[in-house]
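Remarks on the structure that follows.
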Amino acid sequence: MIITLLIGLAFSLFGIVIKVLNHMAKRWHHTVGTISKAQLVEKISKDSDGNQKIKETVDLEYNYQVPGEEQTLVGDNLFPYMGTSGSNGVDRNKLLEKLKEGAQVKVYYNPNKPSQSSLTVGANYSINYPFSLGLAFLGFALVIWINENSDSTQWVLDQILVN
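Residue numbering for the sequence shown is 1 to 163, as defined by the UniProt record's numbering.
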């Protein structure tokens with residue numbers, strides 16, 4: 001139970017931190033950039049049984065210049081945290097349709113660290129997965145705790161049900 005509880009706490013805290021950072025990214029400054037590369041890349045990996053797994057990702061690169069700076073920066077993030085592409089093939093294909101090489105895009109950058117950038121802020125729903133997984137582990141730890149501390153099923157039902 002302790003290990004399950006610790007895993008749940010770790011994932012939940014990680015999820016909260018990522019969610020806060022993602023929310024703070026909504027305050028980033030923005031500028032105009034140019035897509036220099038947007039292509040679908042297949043990464044082939046093998047599991048322990050020798051089965052091949054193909055994972056498609058979007059290889060993205062854009063150039064942008066921070067106002068008042070001379071240096072052109074290169075970014076490769078669609079979202080500020082956790083992930084660079086959509087979660088399924090349809091999302092990736094739509095993304096590639098929009099992000100053609102040479103297209104002008106709005107680039108969000110961290111004013112405190114201009115090299116940290118993304119093309120969108122506040123729209124990455126995959127940041128909710130760690131927090132949700134943490135809650136699931138915490139719930140499982142609670143079920144284990146109730147099971148270990150109950151003398152009978154009736155006690156458990158009395159704790160859950162409202163009379």
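All C-beta atoms in this analysis are idealised placements derived from N, C-alpha and C, irrespective of residue type, glycine included.
Only residues of its own chain outside the window of five on either side were considered, and among them PRO114 have a CB closer than 8 Å to the CB of GLU69, listed in chain order. Leaving aside the five residues that flank GLN65 on each side, the residues in its chain whose CB is nearer than 6 Å to its CB run, in chain order, THR72.
According to the DSSP assignment, LEU119 belongs to no alpha helix (DSSP H), since it is labelled neither H nor E. Secondary structure note for ASN110: its beta strand (DSSP E) is the uninterrupted segment 104–110.
Across the set ARG27, LYS106, THR4, SER12, the C-alpha of ARG27 shows the shortest separation from the C-alpha of ASN112.
Under the Cβ criterion (8 Å, minimum of three pairs), the stretch 92–100 does not count as touching the stretch 8–22. Using a Cβ distance threshold of 9 Å, GLY33 and GLY75 count as a contacting pair.
If you ignore the 5 residues before and after GLU42, its C-beta comes within less than 6 Å of the C-beta of ILE54, GLU56, all in its own chain and listed in chain order.
Ranked by Cα distance from HIS29, the first of PRO80, GLY50, ASN110, ILE160 is ASN110. Taking a C-beta distance under 9 Å as the contact criterion, LEU13 and ALA38 do not qualify as a contact pair. Across the set LYS46, GLY134, SER118, TYR62, the C-alpha of SER118 shows the shortest separation from the C-alpha of LEU78. Scanning its chain for C-beta atoms nearer than 6 Å, with the 5 sequence neighbours on each side dropped, one finds around SER45 the residues LYS53, in chain order. DSSP places GLN71 outside both helix and strand once states are collapsed to three, so it counts as coil. In its chain, beyond the 5 residues on either side, no residue has a beta carbon closer than 6 Å to the beta carbon of ILE160.
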